[in-house]
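J.: Be aware that the sequence shown starts at 1, since it is given in UniProt numbering, and climbs by one per residue. Here's a structure for you.
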Amino acid sequence: MDYSVWAILEREACSTWNPNLDSLKEALLKSWDEIDETYLRATCEAFVGRLKNCVKAKGDHFENR
1 MDYSVWAILE
11 REACSTWNPN
21 LDSLKEALLK
31 SWDEIDETYL
41 RATCEAFVGR
51 LKNCVKAKGD
61 HFENR
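What follows is the structure in structure tokens.
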């Protein structure tokens, strides 16, 4: 998953203390449901481009543009 999505989930789900794993799971699911679908689609589309660049670079370092 894209780092920006994880950052959103962490910020939202961990903004309050979760006393146990079930509470954390519930908070993560709630946060996931609140992320804008357009944002998620754009993030996935951008990831495809990064994967293509990685293949083109044969796994070596490449600049994201």
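The C-beta atom is built at its ideal place from N, Cα and C for all residues, glycine as well.
Nearest by alpha-carbon distance to A13: which of W6, Y3 and S31 is it?
T.: On the sequence shown, residue 13 is found 13 positions in, with the first residue counted as 1. Closest option to A13, Cα to Cα, is S31.
J.: CB-CB under 7 Å to D36, same chain, minus the five flanking residues each way: which ones, in chain order?
T.: Numbered from 1 along the sequence shown, position 36 holds the residue referred to as residue 36. Contacts found: none.
J.: For G49, name the three-state secondary structure that DSSP assigns.
T.: Locating residue 49 in the sequence shown gives position 49, where the first residue counts as 1. Here G49 sits in helix by DSSP.
J.: For the region 8-37, list the alpha helix (DSSP H) runs that are entirely contained and at least 4 residues long, ordered along the chain.
T.: Whole alpha helix (DSSP H) segments, 4+ residues: 21-34.
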